[in-house]
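Respectively, the protein sequence lines represent chains A and B.
Residue 331 in full-length UniProt numbering sits at position 331 of the first sequence, with consecutive numbering throughout.
Residue 12 in full-length UniProt numbering sits at position 12 of the second sequence, with consecutive numbering throughout.
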Amino acid sequence: MNNVLRHHLFWPVAALVALLVANTVARPSFLSITIRDGHLFGAPVDILRATAPLLLVALGMTLVIATRGIDLSVGAVVAVSGAVALSHIASSPNPESPVTVLTAIAMALALCLVLGVWNGFLVSVLGIQPIIATLILMTAGRGVAMLITGGMITTINSAPFKVLGSGFWLGLPVAAVIAFGVFAVVAFVVRRTALGMLLEATGINPAASRLSGVRSKTLTWTVYTASGLFAGLAGLLISADTMAADANNAGVFIELDAILAVVIGGTALSGGKFNLSGTLVGALVIATLERTVTVLGISPLVTPLFMALVVIVVTLLQSPRMRERLTAATRRQAVTPPEPQPAARPDSTEVKAR
Amino acid sequence: MTTTAPARARRALKIPTRLDRRYLPVLGTFVVLALMLIVGGTRYENFLTPAVVSNLFINNAHLIVLAVGLTFVILTGGIDLSVGSVLALSTVITAALLQAGLPVAVVLPVAVGAGTVIGLAHGVMVHYFQVQPFVATLAGMFFARGLCFVIAPESIAIDNASFVELAGWVQIFAGWRMSSGVLIALVVVGIAFLALHFTRFGRTVYAIGGGEQSALLMGLPVARTKVLAYVVSGTCAGLGGLLFAMYSRSGYSLTGVGMELDAIAAVVIGGTLLTGGTGFVLGSVLGVLVLGLIQTIITFEGTLSSWWTRIVIGVLLLIFVLLQRALSLRKT
């Protein structure tokens with residue numbers, strides 16, 4: 001029981017389960033999935049689809065945060081990506097052709113890669129604080145996106161592009177397949193090779209890891225590039241969902257949602273140990289939370305309040321002081337049965353002593 | 001004594017020739033501001049007029065107050081993302097309470113006090129629960145914005161006679177206009193300047209930013225000061241909301257979306273390092289004026305679209321950050 005309570009995924013998963021229970025109580029059919037036209041339909045499928053862009057952004061964010069950085073520019077990159085792709089499709093003579101759509105996607109992703117490289121350059125080569133370095137693009141990026149769309153909301157009609165947002169593949173939403181696929185690949189690469197450990201080393205102590213032969217600079221540069229690329233992909237999914245590029249409102253606050261997802265998942269903003277499965281749960285919690293508000297019939301305008309409450313509760317429960325109290329409380333209980341308590345596991349996510 | 005006239009002269013000369021490095025970023029901001037004024041003055045007629053300069057202050061009074069409050073938090077090495085939302089909350093509370101018929105003397109302290117309470121909560125979360133400032137104030141940002149919608153989803157016009165009279169108070173001398181909002185903002189700047197440079201609290205703020213461990217070992221009241229810095233920021237955001245309500249004569253839950261970014265940008269352009277410990281309140285004021293002037297110039301230019309504002313602010317941020325980086329590299 002103690003191990004379960006102390007497991008780093010306990011509180012985030014508990015929050016997710018609580019949300020799902022609340023939904024099911026309010027609407028008993030909430031968890032039911034039906035098959036219609038060969039596709040899966042139902043609220044859980046909707047949640048998966050809604051999670052997709054956030055999951056991609058949060059994935060990049062986790063890697064960046066692991067190196068003790070932060071990427072505030074992802075929302076702006078989302079807007080730029082949608083703007084580039086849709087402007088290209090709208091201006092091409094044949095918007096329905098797959099070639100046009102593929103070119104548009106390639107152009108958007110290439111530009112976002114460049115934006116990620118730019119962030120990485122500022123942070124790793126020039127040594128600017130991540131929060132400030134990415135604040136620059138966060139401020140300027142939306143301006144650039146508006147420059148691309150000419151200040152208007154570009155709308156298009158293109159069946160191949162629409163598939164990205166609302167298509168189905170093997171009965172599952174394409175957006176979710178892409179996002180979870182990318183997530184699985186990255187998680188595999190990071191955790192089955194030494195890459196994840198090197199990232200953590202960079203985040204825990206950049207100087208020491210550099211001295212012990214870790215290429216911290218290259219790694220830092222890589223994670224910002226990856227973050228830009230994933231944000232670009234998320235931008236494509238978002239714009240394909242609405243089939244419109246709105247430079248002002250696409251991906252607004254997604255950087256904050258993504259950071260929240262990472263924090264709810266138990267990765268500390270101070271860098272070092274990161275937790276991709278936690279991020280996945282965090283992204284699901286946020287997407288479910290947004291859904292819950294509509295199911296419970298609360299005005300969507302109040303969502304921020306609920307979000308704030310969940311974040312405050314989860315972060316306070318994860319805070320060092322609360323952890324001490326909780327551990328102290330469980331220890332006191334454990335005194336009565338004289339079985340020895342296992343020493344704190346070295347791999348538990350206890351916040352690093354600083 | 002052997003140190004006679006030449007040495008003393010050299011010592012006297014030392015002050016103008018070797019300026020304290022700490023002032024360089026602020027000086028840079030000042031130069032940029034002056035350049036923008038000169039360029040604007042030569043490019044457009046009617047640019048360097050009292051009316052334009054007065055409007056610069058009148059339109060940005062609330063942002064000045066926000067940036068001043070934020071400077072305290074950033075100097076301790078923290079950040080406050082909630083200022084835009086708290087500003088909106090304060091405007092909404094003001095408008096809603098006035099609509100309910102409460103007297104101005106009650107409403108104003110309540111609106112500012114809401115900011116103080118949120119700031120206090122941030123301080124407690126950051127210091128006692130060791131939640132990262134970024135996360136704690138992010139939660140505060142969502143909380144304040146959500147609360148706005150709970151109180152009033154729609155915009156509320158303010159028609160309370162005494163509030164309108166207070167908001168409409170304008171002093172005119174020789175073309176220069178001074179509204180009550182600007183007066184309050186300037187008083188806040190003055191108080192903040194005195195508090196940072198001439199009180200124990202101010203020195204402790206700088207000490208915490210320079211190194212929290214060292215400050216603690218020196219026996220400085222770190223806990224109290226850190227919490228107080230967030231309280232100052234929250235209070236300033238509440239006051240900024242009041243100024244914005246006076247300026248717009250309404251309370252709307254969607255005001256100030258993204259304003260925290262403008263405030264942070266102003267503080268950074270004003271030469272304050274986000275790592276804490278270095279920076280000045282007056283620099284932040286200059287930063288706000290630079291941002292306001294960009295807007296004014298783009299309005300004067302006429303043909304430029306509004307999104308150029310954001311791009312120019314981004315480029316300016318980049319230049320200042322690179323400048324600061326170069327300065328700090330030379331130091332080490």
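Glycine residues also receive a C-beta, built at the ideal position from the N, C-alpha and C atoms.
Where A/V214 is concerned, there is no enclosing beta strand (DSSP E), because DSSP gives it neither an H nor an E. Contact between B/A144 and B/L89 holds, with the beta-carbon distance rounding to 4 Å and staying under 8 Å.
Burial state of A/A106 is exposed, judged by a 10 Å Cβ sphere holding fewer than 16 other Cβ atoms. Your pair A/P130 and A/R49 does not check out as a contact, with CB atoms roughly 31 Å apart and the cut at 8 Å. Residues of the same chain with a CB within less than 8 Å of the CB of A/I47, apart from the 5 flanking positions on each side, are L284, A287, T288, R291 in chain order.
B/T199 is classed as exposed because its beta carbon has fewer than 16 other beta carbons within 10 Å across all chains shown. Secondary structure at B/Q130: coil, using DSSP grouped into helix, strand and coil. Closer than 8 Å to the CB of A/P206 there is not a single CB belonging to chain B.
Straight across, the Cα-Cα distance linking B/I64 with B/G279 is about 15 Å.
Put simply, of B/V68, B/I58, B/S54, B/L35 the residue whose alpha carbon is nearest the alpha carbon of B/T235 is B/V68.
Membership of A/M152 in any beta strand (DSSP E) is not indicated, and neither H nor E is assigned to it by DSSP. Taken atom to atom, the span from the alpha-carbon of A/V163 to that of A/A268 is near 36 Å. Excluding five sequence positions before and after A/A145, the CB atoms of its chain that fall closer than 6 Å to its own CB belong to A79, V80, A83, A247, given in chain order.
Any Cβ of chain A closer than 8 Å to the Cβ of B/P153 would place that residue at the interface, and such an atom is present.
Within the same chain, and ignoring the five residues on either side of B/G258 in sequence, the residues whose Cβ sits closer than 7 Å to its Cβ are G84. Between the alpha carbons of B/I156 and A/L126 lies a gap of roughly 48 Å. Beta-bridge partners assigned by DSSP to B/G251: B/I156. The Cβ atoms of B/G77 and B/T204 do not sit closer than 8 Å to each other. Taking 9 Å as the Cβ-Cβ cut-off, the stretch 135-168 of chain B approaches chain A at V135, A136, L138, A139, G140, M141, F142, F143, A144, R145, G146, L147, C148, F149, V150, P153, given in chain order. Note on the stretch 91-121 of chain A: whole alpha helix (DSSP H) runs with a minimum of 4 residues are 98-120, in chain order.
At least one CB atom of chain A sits nearer than 8 Å to the CB of B/F129. Annotation: the continuous beta strand (DSSP E) that includes A/T34 extends over 34-36.
The criterion of a C-beta distance shorter than 8 Å is not satisfied by A/A90 and A/I153. Against chain A, a Cβ distance below 9 Å from B/G314 picks out L135, I136, L137, M138, T139, A140, G141, G143, V144. Counted as a single uninterrupted DSSP element, the alpha helix (DSSP H) harbouring B/H197 occupies residues 180-198.
Shown here, A/P44 sits in a helix according to DSSP, grouped into three states.
Restricting attention to A/T24, A/V117, A/T220, the CA atom closest to the CA of A/A207 is found in A/T220. In the DSSP assignment, B/I172 falls outside any alpha helix (DSSP H) and within the unbroken beta strand (DSSP E) covering 170-173. Put simply, of A/W118, A/E96, A/L122 the residue whose alpha carbon is nearest the alpha carbon of A/A159 is A/E96. For B/P109, the number of other beta carbons within 10 angstroms of its own is below 16, and it is reported as exposed. Counting C-beta atoms within 10 angstroms of its own C-beta, B/E260 has 16 or more neighbours from the protein chains shown and is therefore classed as buried.
Those residues of the stretch 286-302 of chain A placed with their C-beta closer than 8 Å to a C-beta in chain B are S299, L301, V302, ordered along the chain.
Distance from B/I79 to B/P133 at the Cβ level is roughly 5 Å; contact confirmed, criterion being Cβ atoms closer than 8 Å. For chain A, none of the residues of the stretch 283-299 of chain B brings a beta carbon within less than 8 Å of one of its beta carbons.
Between the C-alpha atoms of A/V74 and A/V13 there is a straight-line separation of about 26 Å.
Judged by DSSP in its simplified three-state form, A/A207 adopts helix.
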